[in-house]
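Trainee:
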Amino acid sequence: MTAYLDYAASAPMPAEVLASYHEDLSRLAKEPGNPNALHGAGRAAREMLEDARARVADALGADAQEVLFTSGATEANNLFLNGATRAKLEKAATLESAQSSSTQVTIYSSDLEHPAVKVVLEGLGGPQVDLIPVAVSASGVVALPDLAEKLAACPADLASFMMVNNELGTIQPVAELTELVKRANPEALVHTDAAQAVGQIPVDFHALQVDALSLSAHKFGGPIGVGALLLKREIPVVSDRRGGGQERSLRSGTQNVAGARAMAKAIELATAKNAQRDRRLADLRQRLIAGLDSRVCLTTNAPTTAHMVHLRLPTKHPEIVLLMMDQSQVAVSAGSACHAGVTRPSSTLLAIGLPEEEAMGALRISFGDQTTEADIDQFLMALPPALDAAQRLDKRERK
233 MTAYLDYAAS APMPAEVLAS YHEDLSRLAK EPGNPNALHG AGRAAREMLE DARARVADAL
293 GADAQEVLFT SGATEANNLF LNGATRAKLE KAATLESAQS SSTQVTIYSS DLEHPAVKVV
353 LEGLGGPQVD LIPVAVSASG VVALPDLAEK LAACPADLAS FMMVNNELGT IQPVAELTEL
413 VKRANPEALV HTDAAQAVGQ IPVDFHALQV DALSLSAHKF GGPIGVGALL LKREIPVVSD
473 RRGGGQERSL RSGTQNVAGA RAMAKAIELA TAKNAQRDRR LADLRQRLIA GLDSRVCLTT
533 NAPTTAHMVH LRLPTKHPEI VLLMMDQSQV AVSAGSACHA GVTRPSSTLL AIGLPEEEAM
593 GALRISFGDQ TTEADIDQFL MALPPALDAA QRLDKRERK
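Those letters in the sequence shown? Residues 233 to 631, by my numbering.
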């Protein structure tokens with residue numbers, strides 16, 4: 233049986249969520265209704281949708297009107313970052329002092345970000361949009377002193393900082409980062425990608441003081457293809473998703489009612505305070521770390537979520553480790569990105585200062601409610617021979 237240790241990629245759906253999802257799909261199959269229609273069937277579907285919206289809001293410390301349903305965090309990131317930047321550029325263009333050749337929007341972020349943020353921001357960069365990177369500590373945390381120093385010289389118009397890094401699991405000081413940004417410019421907007429945070433650490437939209445927050449249901453046991461953007465009501469965003477005007481006219485298209493409700497059920501289960509669950513995850517993490525091969529080391533000593541462990545491997549071929557682990561029925565992820573068979577160093581590991589060769593060899597293990605001690609032991613048994621195979625290839629290449 234496969235030891236599934238890749239929860240950070242996609243978490244298994246709990247039985248309670250699956251049952252709820254099936255019930256709603258069956259109901260909508262028997263009594264179909266578009267939630268935007270005015271007849272009785274439409275109103276019933278709308279009631280189901282708004283119930284889901286309220287439940288997601290309650291779980292995350294937001295108002296129901298601030299929850300916009302999307303297909304996931306990637307779409308939510310794109311919707312806000314592109315839309316907020318466009319709104320600021322349009323506002324700047326109306327000012328008499330604005331010059332088309334001058335920088336009109338300054339955006340802060342770091343190299344820790346997921347490609348769903350990083351690539352979007354890179355696409356926005358240009359003559360009118362200045363992208364300013366914030367330094368990262370060797371343990372994988374955005375450096376508050378560097379941000380403060382740079383903001384003193386050039387306040388931000390927009391900033392985006394993830395809550396939990398998707399490779400290292402390091403918890404970012406989003407509330408403190410937000411405070412610094414808004415102290416330098418009270419009109420600045422702050423966004424956080426919380427895809428890896430929901431269900432792992434407390435997430436309170438209002439307490440964080442951010443303006444926008446993105447999440448994906450499948451990261452905490454909901455269905456793939458459903459997510460949300462939490463967005464304060466007064467924030468100007470110019471969307472290119474034109475159509476019927478759904479989701480505050482920012483995300484046109486008929487909403488996925490059953491998916492939204494399954495996400496609501498999953499988020500309620502994932503965010504419920506459960507000390508026993510927390511202790512169990514901590515015990516599994518300790519069991520894994522204590523049993524590691526001596527050639528392997530932890531990447532960071534910074535505070536991380538309990539469900540994620542990132543390892544540095546003494547090899548340039550983590551893909552061999554992954555393939556061998558897969559043959560041993562262990563599912564984990566590499567920290568580096570493999571494109572068309574070519575392994576590339578992890579941008580996150582490069583950001584924390586590792587040399588390119590060391591940034592090649594990495595492994596991410598992530599687990600959750602359905603993980604057993606036997607799964608951890610299966611991983612620990614499979615790792616040494618998998619690493620042996622990768623190191624044999626390293627040795628052949630050096631000859």
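We put the beta carbon where it would ideally sit given N, CA and C, even for glycine.
Because the structure is a prediction, the values reported are computed rather than measured.
(1) Can you say whether residue 505 is buried or exposed, counting buried as having 16 or more other CB atoms within 10 angstroms of its CB?
(2) Any idea what DSSP makes of residue 572, helix, strand or coil?
(3) Inspect the beta-carbon positions of residue 562 and residue 614 and report whether they are closer than 8 Å.
(4) Going by DSSP, which residues form a beta bridge with residue 540?
(5) Does the region 411 to 424 come close enough to the region 441 to 453 that 3 or more CB-CB pairs lie under 8 Å?
(6) Quick check on this structure: which residue in 251, 607, 533, 298 has the alpha carbon closest to the alpha carbon of residue 442?
(7) The beta strand (DSSP E) that contains residue 253, what's its start and end?
(8) Are the CB atoms of residue 302 and residue 461 nearer to each other than 8 Å?
(9) Output yes or no for whether 8 Å exceeds the beta carbon distance between residue 344 and residue 268.
(10) Please tell me whether residue 428 and residue 464 are closer than 8 Å, where the distance is taken between their beta carbons.
(11) Between which two residues does the beta strand (DSSP E) holding residue 365 run?
(12) Quick one: Cα of residue 241 to Cα of residue 253, how far?
(13) At a cut of 8 Å, does the region 364 to 374 reach the region 527 to 537 through at least three beta carbon pairs?
(14) What separation, rounded to the nearest whole angstrom, lies between the Cα atoms of residue 262 and residue 488?
(15) Just to confirm my understanding: we take residue 548, look at its own chain, exclude 5 residues before and 5 after, and list those with CB closer than 7 Å. What are they?
(16) For residue 352, which of helix, strand or coil comes out of DSSP?
(17) If you draw a straight line from the C-alpha of residue 272 to the C-alpha of residue 476, how long is it?
(18) Quick one: measure Cβ to Cβ for residue 600 and residue 539, integer angstroms, because I've assumed they're closer than 8 Å.
(19) Any idea which residues DSSP pairs residue 529 with across the strands?
(20) Please give the ranges of any alpha helix (DSSP H) in the region 359 to 438, keeping only runs that are unbroken, at least 4 residues long and fully inside the region.
(21) What three-state label does DSSP hand residue 316 in the structure shown?
(22) Which two residues bound the contiguous beta strand (DSSP E) that contains residue 503?
(23) Please go through the same chain and pick out, in chain order, the residues whose beta-carbon is closer than 7 Å to the beta-carbon of residue 378, but skip the five residues on each side of it.
(24) Considering only residues of the same chain and omitting the five flanking positions on each side of residue 621, which have a CB-CB separation below 7 Å?
(25) DSSP three-state label for residue 553, please.
(26) Considering only C-alpha positions, which residue in the set 508, 502, 319 is nearest to residue 249?
(27) Does residue 297 have its Cβ less than 8 Å from a Cβ in chain D?
(28) Suppose you measure from the CA of residue 435 to the CA of residue 525; what does that come to, to the nearest Å?
(29) For residue 632, which residues from the same chain have a beta carbon less than 7 Å from its beta carbon, with the 5 sequence-adjacent residues on both sides left out?
(30) Are there three or more Cβ pairs, one per stretch, closer than 8 Å when the region 515 to 522 is compared with the region 308 to 322?
(31) I think residue 256 touches residue 280, with their Cβ atoms under 8 Å apart; what is that distance to the nearest whole Å?
(32) Just the Cα atoms here: how many angstroms apart are residue 290 and residue 440?
(33) Use the C-beta contact count for residue 438: other C-beta atoms within 10 angstroms, 16 or more gives buried, fewer gives exposed.
(34) Given a threshold of 16 other Cβ atoms within 10 Å of its Cβ, counted over all protein chains shown, does residue 559 qualify as buried or as exposed?
(35) Pop quiz: residue 399 and residue 578 are said to be a contact at Cβ under 8 Å. What is the actual Cβ separation, rounded to whole angstroms?
(36) What residue from 602, 430, 550 has the CA that sits closest to residue 528's CA?
Mentor: Looking at the coordinates:
(1) Numbered from its first residue, the sequence shown carries residue 505 at position 273. Exposed is the call here.
(2) Sequence index remark: in the sequence shown, residue 572 carries index 340 (1-based). Any reading at residue 572 must be qualified, since the residue scores a pLDDT of 36, below 50, and its modelled position is unreliable; the value itself is stated next. Reduced to three states, the DSSP call for residue 572 is coil.
(3) Residue numbering aside, residue 562 sits at position 330 when the sequence shown is read from its first letter. Residue numbering aside, residue 614 sits at position 382 when the sequence shown is read from its first letter. Cβ distance < 8 Å, so residue 562 and residue 614 count as in contact.
(4) As a working mapping, residue 540 is identified with position 308 in the sequence shown. Bridge partners of residue 540: 598.
(5) yes
(6) On the sequence shown, position 210 is the one that residue 442 refers to. Closest option to residue 442, Cα to Cα, is 298.
(7) As a first step, residue 253 is located in the sequence shown; it is residue number 21 there, counting from the start. Run containing residue 253: none in the beta strand (DSSP E); it sits in the alpha helix (DSSP H), 247 to 262.
(8) Along the sequence shown, one-based indexing puts residue 302 at 70. Along the sequence shown, one-based indexing puts residue 461 at 229. Cβ distance < 8 Å, so residue 302 and residue 461 count as in contact.
(9) In the sequence shown, the residue the question calls residue 344 occupies position 112. In the sequence shown, the residue the question calls residue 268 occupies position 36. Contact: no.
(10) By 1-based counting over the sequence shown, the position of residue 428 is 196. By 1-based counting over the sequence shown, the position of residue 464 is 232. The answer is no: Cβ separation not under 8 Å.
(11) Locating residue 365 in the sequence shown gives position 133, where the first residue counts as 1. 361 to 366 is the extent of the beta strand (DSSP E) around residue 365.
(12) Along the sequence shown, one-based indexing puts residue 241 at 9. Along the sequence shown, one-based indexing puts residue 253 at 21. Cα to Cα, the separation comes out at about 21 Å.
(13) yes
(14) Start at 1 with the first residue of the sequence shown, and residue 262 comes out as number 30. Start at 1 with the first residue of the sequence shown, and residue 488 comes out as number 256. Answer to the nearest angstrom: the Cα atoms are 16 Å apart.
(15) To locate residue 548, count along the sequence shown from 1; it is residue 316. Excluding sequence neighbours, residue 548 sits near 589, 592, 593, 626.
(16) Your numbering for residue 352 matches position 120 in the sequence shown. Helix at residue 352.
(17) Your numbering for residue 272 matches position 40 in the sequence shown. Your numbering for residue 476 matches position 244 in the sequence shown. When rounded, the distance between both Cα atoms is 20 Å.
(18) Here residue 600 corresponds to residue number 368 of the sequence shown, with the count starting at 1. Here residue 539 corresponds to residue number 307 of the sequence shown, with the count starting at 1. Their Cβ separation, rounded to whole angstroms, is 6 Å, which keeps residue 600 and residue 539 in contact under 8 Å.
(19) Stepping through the sequence shown from its first residue, residue 529 is reached at position 297. Residue 529 has 544 as its beta-bridge partners, per DSSP.
(20) Correct list: 376 to 385, 406 to 416.
(21) In the sequence shown, residue 316 corresponds to position 84, counting from 1. Three-state result, residue 316: helix.
(22) Translated into the one-based positions of the sequence shown, residue 503 becomes position 271. It is not in any beta strand (DSSP E) - residue 503 instead sits in the alpha helix (DSSP H) that spans 489 to 503.
(23) Position 146 of the sequence shown holds residue 378. Hits under 7 Å: 366, 367.
(24) Residue numbering aside, residue 621 sits at position 389 when the sequence shown is read from its first letter. Once the five neighbours on either side are set aside, the close Cβ partners of residue 621 are 552, 556.
(25) In the sequence shown, the residue the question calls residue 553 occupies position 321. Looking at residue 553 - three-state DSSP - the assignment turns out to be helix.
(26) Taking the sequence shown and counting its residues from 1, one reaches residue 249 at position 17. The option with the nearest alpha carbon to residue 249 is 502.
(27) Absence of chain D from the displayed structure is noted, only one protein chain being present.
(28) What you label residue 435 is simply residue 203 of the sequence shown in a count that begins at 1. What you label residue 525 is simply residue 293 of the sequence shown in a count that begins at 1. Here the alpha carbons of residue 525 and residue 435 stand approximately 35 Å from one another.
(29) Residue 632 is absent from the model: the chain starts at 233 and stops at 631.
(30) These segments do not touch.
(31) Locating residue 256 in the sequence shown gives position 24, where the first residue counts as 1. Locating residue 280 in the sequence shown gives position 48, where the first residue counts as 1. At roughly 7 Å, the Cβ-Cβ gap stays under 8 Å, so residue 256 and residue 280 are in contact.
(32) Here residue 290 is taken as the residue at index 58 of the sequence shown, counted from 1. Here residue 440 is taken as the residue at index 208 of the sequence shown, counted from 1. Residue 290 and residue 440: Cα-Cα distance of roughly 15 Å.
(33) As a working mapping, residue 438 is identified with position 206 in the sequence shown. Classification of residue 438: exposed, given that the 10 Å Cβ count is below 16.
(34) Walking along the sequence shown from the start, residue 559 turns up at place 327. Residue 559 comes out exposed.
(35) In the sequence shown, counting from the first residue as 1, residue 399 sits at position 167. In the sequence shown, counting from the first residue as 1, residue 578 sits at position 346. Yes, residue 399 and residue 578 are in contact; Cβ-Cβ is about 6 Å, under 8 Å.
(36) Here residue 528 refers to the residue found at position 296 when the sequence shown is read from its first residue. Selected option, being the one with the closest Cα: 550.
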